[in-house]
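Below: the structure, in structure tokens.
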Amino acid sequence: NAGVTQTPKFQVLKTGQSMTLQCAQDMNHEYMSWYRQDPGMGLRLIHYSVGAGITDQGEVPNGYNVSRSTTEDFPLRLLSAAPSQTSVYFCASSLRGGGGTGELFFGEGSRLTVL
Amino acid sequence: QQQVKQSPQSLIVQKGGISIINCAYENTAFDYFPWYQQFPGKGPALLIAIRPDVSEKKEGRFTISFNKSAKQFSLHIMDSQPGDSATYFCAASMVGSFNKFYFGSGTKLNVKP
């Protein structure tokens, strides 16, 4: 069982560069989300999607773009990287809320450093 | 402003001892309170969760205590083991939020042999 797969695991960027963090899940989950993890801040929601073609902003969306063309994939794009975006990024998926347990299944993270 | 406040930031416990991590929230619309466990280099994984209609939930050595009037909940790890050494996050979400979670800042637990 692959679960939630994130690539790349590590990336170094220069200020102003753009890149895409990839996320794929094979559990047929409707809900997918991106969090960033920073020391002392816990996990903060960047963007989320409740199904293909539907996305919305979380707590800290500025500087990031997402799209959801398929159920399986939910890429996160950094448009013009800034040092403040140095973080560990986690993709998560779950069954849609309501009748589900609410359990989030996380990938192993992508560590991004912006110089 | 952080919606869920967690303490302590770090915790050292001897093997066999009790580890206690506390969380507090303000938004009374929250109705689901999970705890996630994260090992170094891994993503968080659900450990145990509670809804506000019960005051306590126990799974093995892990117990959540919930105080609705005080808007606080805590994780108790009984007979703590070195294998429990990890970072623990509390979280909260609300009905109709499509599983949007607000996480605490995390507690790094070190259980000494």
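So the sequence lines, in the order shown, correspond to chains A and B. Residue 1 in this note's numbering sits at position 1 of the first sequence; the count goes up by one each step and never skips. In this note's numbering, each residue carries its 1-based index in the second sequence increased by 1000. Heads up, the beta-carbon is just placed ideally off N, CA and C, and yes, glycines get one too.
Among the options, nearest to residue i - alpha-carbon criterion
{"i": "B/H1076", "options": "B/W1035, B/Q1003, B/Y1025, B/V1004", "result": "B/W1035"}
{"i": "A/M32", "options": "A/A2, A/T7, A/Y64, A/D56", "result": "A/D56"}
{"i": "A/C23", "options": "A/Y48, A/V12, A/E103", "result": "A/Y48"}
{"i": "B/N1067", "options": "B/F1039, B/P1044, B/G1017, B/N1022", "result": "B/N1022"}
{"i": "A/C91", "options": "A/L79, A/A81, A/L104, A/G53", "result": "A/L104"}
{"i": "A/W34", "options": "A/D73, A/T113, A/Q11, A/S84", "result": "A/D73"}
{"i": "A/G16", "options": "A/P83, A/S94, A/L95, A/V88", "result": "A/P83"}
{"i": "A/I46", "options": "A/Y89, A/S94, A/F106", "result": "A/Y89"}
{"i": "A/T71", "options": "A/V12, A/R77, A/G51", "result": "A/G51"}
Backbone CA spacing between residue i and residue j [nearest angstrom]
{"i": "A/N62", "j": "A/V4", "result": "24 Å"}
{"i": "A/G99", "j": "B/Y1032", "result": "Caution is warranted here: a pLDDT of 43 is assigned to A/G99, below 50, making its placement in the model unreliable, and the coordinate value is therefore given only provisionally. Going from the Cα of A/G99 to the Cα of B/Y1032 covers about 13 Å."}
{"i": "B/Q1081", "j": "A/D38", "result": "27 Å"}
{"i": "B/G1106", "j": "A/S69", "result": "33 Å"}
{"i": "A/G58", "j": "B/G1017", "result": "38 Å"}
{"i": "A/M19", "j": "B/V1054", "result": "45 Å"}
{"i": "B/Y1025", "j": "B/F1103", "result": "10 Å"}
{"i": "B/K1108", "j": "A/G42", "result": "11 Å"}
{"i": "B/L1011", "j": "A/T86", "result": "26 Å"}
{"i": "A/R36", "j": "A/R44", "result": "5 Å"}
{"i": "A/T7", "j": "A/G102", "result": "25 Å"}
{"i": "B/E1059", "j": "A/Y64", "result": "38 Å"}
{"i": "B/P1040", "j": "A/G40", "result": "16 Å"}
{"i": "A/G53", "j": "A/S67", "result": "7 Å"}
{"i": "B/D1084", "j": "A/T113", "result": "29 Å"}
{"i": "A/H29", "j": "A/S94", "result": "5 Å"}
{"i": "B/T1063", "j": "A/S80", "result": "44 Å"}
Those residues which DSSP pairs with residue i across a bridge
{"i": "B/E1056", "result": "B/S1065"}
{"i": "A/R111", "result": "A/F10, A/V88"}
{"i": "B/I1050", "result": "B/F1033"}
{"i": "B/H1076", "result": "B/I1020, B/T1063"}
{"i": "A/N65", "result": "A/R77"}
{"i": "B/N1110", "result": "B/I1012"}
{"i": "B/S1005", "result": "Here residue 1005 of chain B is Lys; the residue named in the question, Ser, does not match the sequence. B/A1024."}
{"i": "A/V60", "result": "Its beta-bridge partners do not exist; DSSP assigns none."}
Own chain residues within Cβ distance below 6 Å of residue i, not counting five before or after
{"i": "B/S1065", "result": "E1056, S1074"}
{"i": "A/K14", "result": "L115"}
{"i": "B/K1042", "result": "none"}
{"i": "B/F1030", "result": "A1092, M1094"}
{"i": "A/D26", "result": "A2"}
{"i": "A/V60", "result": "R44, I46"}
Residue range of the beta strand (DSSP E) that includes residue i
{"i": "A/Q25", "result": "19-25"}
{"i": "B/A1092", "result": "1086-1094"}
{"i": "B/K1100", "result": "Unbroken run through B/K1100: none, as it is neither H nor E."}
{"i": "A/R44", "result": "42-51"}
{"i": "A/T55", "result": "54-57"}
{"i": "B/S1105", "result": "Looking at the DSSP string, B/S1105 is not in any beta strand (DSSP E), and its letter there is neither H nor E."}
{"i": "B/L1011", "result": "1010-1014"}
{"i": "A/Q37", "result": "31-38"}
Cβ neighbours of residue i in the same chain (closer than 7 Å, five flanking residues each side left out)
{"i": "B/Q1014", "result": "K1112"}
{"i": "B/P1052", "result": "D1031, F1066, K1068"}
{"i": "B/V1004", "result": "C1023, Y1025, C1090, A1091, A1092, Y1102, F1103, G1104"}
Close beta carbons around residue i, own chain, < 8 Å, minus the five adjacent residues each side
{"i": "A/K9", "result": "E108, G109, S110, R111"}
{"i": "B/A1045", "result": "Y1036, Q1037, Q1038"}
{"i": "B/K1071", "result": "A1024, Y1025, E1026, T1028"}
Residue i Cβ short of 8 Å to the ligand NAP heavy atom set
{"i": "A/D26", "result": "Looking for the ligand NAP in the displayed structure turns up nothing, as the structure carries no ligands at all."}
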